[in-house]
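Q: Would you mind keeping the following structure in view while I ask a few things?
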Ligand code: FAD
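Residue numbers (full-length UniProt numbering): 5 to 478.
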């Protein structure tokens, strides 16, 4: 019997139930990746994700070859490609691991039915989550909208969590392999090579993911204090690996013993993985939130439409150092520290009154970990229009945040070198430095580094007034 394993965002051999199922049931296994970005609705992978995908597929192919197999690549409609492969190989079984974004759920459901109708067995599995979105409901049998009770209910169900399974030792292939499109033909790499910073920072692929988990495991005990410091590498940096399924949450739970965490740090880390689960729960049950706020009152919000402040924010030229540092870190490395993501998102949606979707779209294109569930949750949470959101009036003060979380100014000095020579007390707010100090430090505000594009206090008050006005609308 021949089986096709349809790889999607589960680009690993370990703890991969679709692969294991095919290897157990078939004598010939054909691993396939089909590039069909048009089938992801409005959220086809952005430029940084495409870069990652290219390298991850290349690593997966190498790992498969180490086990006597290889990756067959196709592009175009997923259903047509699968049908063509079934004709080419005589496969009678297709396996894959489930995804939860609305457009993909609709597509996969249609594919399952179509394959079934033509007598092909189609089996899907869970590789991406500890518990799938339909596994947890509140007492009224409704999805949760608040994180803490959601996570409490989830933890109560985790005891039966299956242990991660090792990679199959050999993956038996057919005698004649079907044709494969060369990876380079997918055009995933940028034409203008802006990706040097990404290559410096990341190692896409399963081996990179496992190494990253090993090195985090040595440091995980510092997580609860180090995780809020963008100047230190106190978080696990596993987000792009998790997004592409180069590692799964069951593996992380097993390796760090997160079912019974031995420290506060590990318990805090388990909760962060819990936020990822919650984000997937929300997007699955409230699929419209990919483009619309969960809190419908915010549909009436009159956002600022000018492109100029958005462009300054995107380029890291707002004149607010912590915001600019974050946006430059993002551009250079494809990643931004969580604390800084919250600061830049609050600044965009509140101080600049710009629609959260504009920010979400920029992140989508530039983050290597761009993930529809996590990104939607992060933006709506910060903008105050999502589930369990920060109350609207909690507008981050970027200067106080920077003082607290970048106390030695290392983060700013690294990413905003134009103002690095300023004395410590002015680094987070160069506009407050007296002229002679600026001069001495070689800073020409408005020339070598921008003046703030908004007044922080005034814009905060305007945002609060707009919020009060919205609340009184019928
Ligand atoms: P760690 O602190 O080591 O956390 C471990 C894992 O837990 C992460 O890899 C991630 O999978 C999960 N996680 C942690 N925090 C969150 C969270 N708040 N929500 C959901 N999952 C979480 N994360 C993405 O993976 N993709 C995104 O597109 C994304 N967009 C965001 C946008 C905004 C505006 C905000 C405020 C947050 C966003 N996040 C996103 C969440 C968070 O910032 C990143 O997951 C985290 O910074 C990744 O770094 P890490 O792997 O070192 O995290």
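Where a beta carbon is used, it is the ideal one built from N, C-alpha and C, also for glycine.
Keep in mind the model is a prediction, meaning the values are calculated, not measured.
My output table needs one value for residue 438: the three-state DSSP class, helix, strand or coil.
A: In the structure shown, residue 438 sits in coil (DSSP, three-state: anything other than H, G, I, E or B).
Q: At what residue ranges does the UniProt domain "Photolyase/cryptochrome alpha/beta" (5 to 134) contain a whole run of the beta strand (DSSP E), taking only runs of 3 or more?
A: 6 to 11, 32 to 39, 76 to 79, 97 to 101, 125 to 129
Q: Does any residue of chain D bring its CB to less than 8 Å from the CB of residue 344?
A: You won't find chain D in this structure, because it holds only one protein chain.
Q: In the structure shown, what three-state DSSP assignment does residue 162 receive?
A: helix
Q: Just the C-alpha distance for residue 122 and residue 97, rounded to the nearest angstrom, thanks.
A: The alpha-carbon atoms of residue 122 and residue 97 are separated by roughly 11 Å.
Q: For residue 296, I'd like the list of residues in its chain whose CB is within less than 7 Å of its CB, leaving aside the five on either flank, ordered along the chain.
A: Only residues of its own chain outside the window of five on either side were considered, and among them 303 have a CB closer than 7 Å to the CB of residue 296, listed in chain order.
Q: What residue range is occupied by the uninterrupted alpha helix (DSSP H) comprising residue 4?
A: Since the first residue shown for the chain is 5 and the last is 478, residue 4 is missing from the structure and cannot be characterised.
Q: Would you be able to state if there are at least three C-beta pairs under 8 Å between the region 202 to 219 and the region 173 to 188?
A: no
Q: In the DSSP assignment, find the unbroken alpha helix (DSSP H) run with residue 218 in it and report its ends.
A: 210 to 223
Q: Can you give the Cα-Cα distance for residue 93 and residue 6, rounded to whole angstroms?
A: If I take the Cα positions, the gap works out to 7 Å.
Q: When you compare the region 321 to 328 with the region 377 to 388, are there three or more beta-carbon pairs, one atom per stretch, that lie closer than 8 Å?
A: No: the two stretches stay apart, fewer than three of their Cβ pairs being nearer than 8 Å.
Q: For the candidate residues 446, 79, 417, whose alpha-carbon lies nearest to that of residue 187?
A: 79
Q: Do residue 355 and ligand 1 come close, with the Cβ less than 7 Å from some heavy atom?
A: no
Q: Answer with buried or exposed for residue 472, where buried requires no fewer than 16 other C-beta atoms within 10 angstroms of its C-beta.
A: Per the 10 Å Cβ criterion, exposed.
Q: Report the rounded CA-to-CA distance for residue 466 versus residue 363, giving the unit in angstroms.
A: In this structure, the straight-line span from the alpha carbon of residue 466 to that of residue 363 is close to 20 Å.
Q: Distance, Cα to Cα, residue 39 vs residue 57?
A: Those two C-alpha atoms are separated by around 10 Å.
Q: Quick test of the definition: if touching needs 3 or more C-beta pairs under 8 Å, does the region 248 to 263 touch the region 425 to 436?
A: no
Q: Would you tell me roughly how many angstroms separate the C-alpha atoms of residue 43 and residue 414, rounded to the nearest one?
A: Cα to Cα, the separation comes out at about 43 Å.
Q: I'd like the list of long-range same chain contacts for residue 359, defined as Cβ closer than 7 Å, with 5 residues on each side in sequence excluded.
A: 307
Q: Heavy atom of ligand 1 less than 7 Å from the Cβ of residue 261, yes or no?
A: no
Q: Is residue 480 near ligand 1, in the sense that its beta carbon is under 7 Å from a heavy atom of that ligand?
A: The shown model of the chain, from 5 to 478, leaves out residue 480, and the question about it has no answer.
Q: What are the uninterrupted segments assigned as alpha helix (DSSP H) that are 4 or more residues long and contained completely in the UniProt region "Disordered" (225 to 244), given in chain order?
A: List check, alpha helix (DSSP H) in window: 227 to 230.
Q: For residue 358, which beta-bridge partners are listed by DSSP?
A: 308
Q: Got a sec? Which residues, its chain only, sit under 7 Å from residue 85 by beta carbon, not counting five neighbours each side?
A: The beta carbon of residue 85 lies closer than 7 Å to those of 38, 78 in the same chain, with the five residues before and after it left out.
Q: Among 103, 444, 424, which one has its Cα closest to the Cα of residue 288?
A: 103
Q: With a floor of 4 residues, list each alpha helix (DSSP H) that falls wholly inside the region 335 to 422, ordered by position along the chain.
A: 342 to 350, 360 to 370, 376 to 387, 402 to 409, 414 to 419
Q: Output the distance between the C-alpha atoms of residue 452 and residue 141, rounded to the nearest integer angstrom.
A: Looking at the backbone, the Cα of residue 452 and that of residue 141 are separated by about 54 Å.
Q: Could you check which residue in 391, 193, 399 has the C-alpha nearest to that of residue 462?
A: 399
Q: Would you kindly work out how many angstroms separate the C-alpha atoms of residue 158 and residue 350, rounded to a whole number?
A: 29 Å
Q: Figure out for me which residue from 459, 260, 21 has the closest Cα to the Cα of residue 313.
A: 459
Q: Under the criterion of a Cβ to heavy atom distance below 7 Å, does residue 324 qualify as lining ligand 1?
A: no
Q: Since I believe residue 184 is in contact with residue 258 (beta carbons under 8 Å), could you give me their beta-carbon distance rounded to a whole number of angstroms?
A: Not quite, the Cβ-Cβ distance comes to about 33 Å (not below 8 Å), so this is no contact.
Q: Quick check on the DSSP output: what are the complete alpha helix (DSSP H) runs of length 4 or more inside the region 260 to 322, in order along the chain?
A: 268 to 289, 311 to 319
Q: Please go through the same chain and pick out, in chain order, the residues whose beta-carbon is closer than 6 Å to the beta-carbon of residue 248, but skip the five residues on each side of it.
A: 13, 15, 60
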